[in-house]
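A short write-up of the structure that comes next.
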Amino acid sequence: MKAYHMSSIYRTRDDLRDCGTIPVENYETIAERLVITCKRHTDHRRRRKGGRAPQDLRTKYQESKAQKSYSKVLEDDPHIFIPFIIDISPRICESFDVSKFCETHIERQEIGFDEKTKSFLEETARRKGIDESLPFKKLMRFLFPLRTPRPITGAETQDHYAYYLAELTSIRNFFGDRIYEAVKTSATRIKENDLNPERTTTESVWTKIPRADNEDAIVHLDVGGAFELASDLFPQASQMVSSALSTHRFAPGSSALQADADLSEIPGALNEYDNAYFTLHGASDLAISSVFSQRVSTAIANSQLKYWEKQVLLLETTDCVTMKLWRSQPQHGVISLRIGFFMSTLMANSLYG
Numbered sequence: 001m002k003a004y005h006m007s008s009i010y011r012t013r014d015d016l017r018d019c020g021t022i023p024v025e026n027y028e029t030i031a032e033r034l035v036i037t038c039k040r041h042t043d044h045r046r047r048r049k050g051g052r053a054p055q056d057l058r059t060k061y062q063e064s065k066a067q068k069s070y071s072k073v074l075e076d077d078p079h080i081f082i083p084f085i086i087d088i089s090p091r092i093c094e095s096f097d098v099s100k101f102c103e104t105h106i107e108r109q110e111i112g113f114d115e116k117t118k119s120f121l122e123e124t125a126r127r128k129g130i131d132e133s134l135p136f137k138k139l140m141r142f143l144f145p146l147r148t149p150r151p152i153t154g155a156e157t158q159d160h161y162a163y164y165l166a167e168l169t170s171i172r173n174f175f176g177d178r179i180y181e182a183v184k185t186s187a188t189r190i191k192e193n194d195l196n197p198e199r200t201t202t203e204s205v206w207t208k209i210p211r212a213d214n215e216d217a218i219v220h221l222d223v224g225g226a227f228e229l230a231s232d233l234f235p236q237a238s239q240m241v242s243s244a245l246s247t248h249r250f251a252p253g254s255s256a257l258q259a260d261a262d263l264s265e266i267p268g269a270l271n272e273y274d275n276a277y278f279t280l281h282g283a284s285d286l287a288i289s290s291v292f293s294q295r296v297s298t299a300i301a302n303s304q305l306k307y308w309e310k311q312v313l314l315l316e317t318t319d320c321v322t323m324k325l326w327r328s329q330p331q332h333g334v335i336s337l338r339i340g341f342f343m344s345t346l347m348a349n350s351l352y353g
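When we follow the UniProt record's numbering, the leftmost residue of the sequence shown carries the number 1, and every step to the right adds one.
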């Protein structure tokens with residue numbers, strides 16, 4: 001990686017920030033390199049008899065290397081992506097150390113592009129057939145963030161109706177077998193069973209429905225086997241939790257107090273820390289249907305929060321599912337679901353009769 005490549009990228013970044021738009025003379029270059037970034041390079045077409053010409057193979061190799069470099073820069077800092085693809089051609093990517101660039105790139109600044117640039121990028125993506133690709137959507141989400149505020153709900157305040165004592169059979173019918181089994185082993189349900197084994201209702205599932213129509217409701221599920229559920233719903237966060245707990249569980253001479261101090265510094269998806277539990281955000285969209293029933297998946301998809309997340313292009317994770325995971329053994333937890341108002345009323349009628 002040459003020093004003049006670095007300085008050229010930052011000079012282009014500064015020029016773009018000063019004018020707030022992409023010069024027309026860069027349009028063709030950006031269009032070509034956006035396609036390289038966003039389109040898959042798997043070629044399903046039959047090769048001509050005799051194979052490709054050496055020049056075709058060379059071009060294909062350069063584009064493959066460029067796609068890896070461009071994708072890594074987009075993942076690392078979307079705001080430097082446009083300056084990067086303007087200055088670093090596929091040919092330069094052959095010898096460019098993109099990993100070193102990402103390590104040394106600390107001047108992370110927003111550019112602030114105008115509507116003309118947004119229109120150019122959207123039109124180019126539609127014309128090239130990459131407007132639905134995840135890399136392009138991510139780029140647009142960062143360059144042109146939607147300013148619509150995150151939807152609020154009375155379920156997060158005191159302005160709601162609260163429902164308790166859910167029927168166990170209805171829990172299975174609405175949430176599915178896996179959640180039903182988890183609820184049966186929750187701390188709350190174990191205590192209820194000890195007091196009255198014949199009891200058919202539980203306080204392990206409680207619901208807050210806002211007084212205002214059409215706002216999202218929130219359902220809380222007290223569950224056992226929480227770490228297994230967390231591993232499916234929050235794979236990245238659960239790996240960090242597991243690693244942290246294992247380190248302190250087996251470290252010689254480590255005390256609970258020392259563990260508390262160190263665990264409080266865990267970054268990333270663990271947005272909150274408490275001596276009693278971890279709070280996990282950003283559940284995997286793909287995992288939701290494997291843990292919850294189709295009715296619950298639909299209720300989540302119909303929430304105002306999920307609709308807003310789609311608007312701001314949060315497409316792979318969702319805060320419609322969060323979890324408090326207890327640190328002590330056995331690891332219990334509380335899953336919170338944010339669901340659409342209409343489905344919440346149907347659910348309440350089923351659970352609380």
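Backbone N, C-alpha and C define an ideal beta-carbon position, used for all residues, glycine too.
Between which two residues does the alpha helix (DSSP H) carrying Pro145 extend? Neither: Pro145 is in no alpha helix (DSSP H) and is coded neither H nor E.
From the DSSP output, which residues share a beta bridge with Met323? Leu280 and Ile335
Other residues of its chain near Phe142: CB distance less than 7 Å, five sequence neighbours each side excluded: Pro78 and His79
Under the three-state DSSP convention, the category Glu181 falls into: helix
_Please identify the residue among Asn26, Arg33, Tyr277 and Ile111 whose C-alpha is closest to the C-alpha of Cys19._
Ile111
**Q.** Closest Cα partner of Gln62 within the set Lys310, Met323 and Arg91
**A.** Arg91
Which of helix, strand or coil does DSSP assign to Lys208?
strand
**Report entry** Assigned exposure category for Tyr4 - 16 Cβ within 10 Å defines buried
**Finding:** exposed
Using 8 Å as the threshold, is the C-beta distance between Arg338 and Ile218 below it?
yes
Contact defined as beta carbons within less than 8 Å: I believe Thr202 pairs with Glu215. What is the distance between those atoms, to the nearest angstrom?
Not quite, the Cβ-Cβ distance comes to about 26 Å (not below 8 Å), so this is no contact.
Notebook entry, point to check: If you draw a straight line from the C-alpha of Val312 to the C-alpha of Glu198, how long is it?
Noted result: 48 Å
Got a sec: is the Cβ-Cβ distance from Ser238 to anything in chain C below 8 Å? Among the chains of the structure shown, chain C does not appear; only one protein chain is present.
(request) Along the alpha helix (DSSP H) that carries Asp18, what are the first and last residues, could you check? (result) Ala3 to Cys19
Could you tell me how far apart the beta carbons of Leu233 and Met343 are, in whole angstroms, since I believe they sit closer than 8 Å? Not really, about 19 Å apart at Cβ, beyond 8 Å.
**Prompt:** Just how far apart, CA to CA, sit Ala237 and Val24?
**Reply:** 43 Å
What first and last residue would you give for the beta strand (DSSP E) that runs through Asp222? Ala217 to Val223
- Message: Rounded to the nearest angstrom, what separates Ser293 and Ala162 at their Cα positions?
- Response: 23 Å
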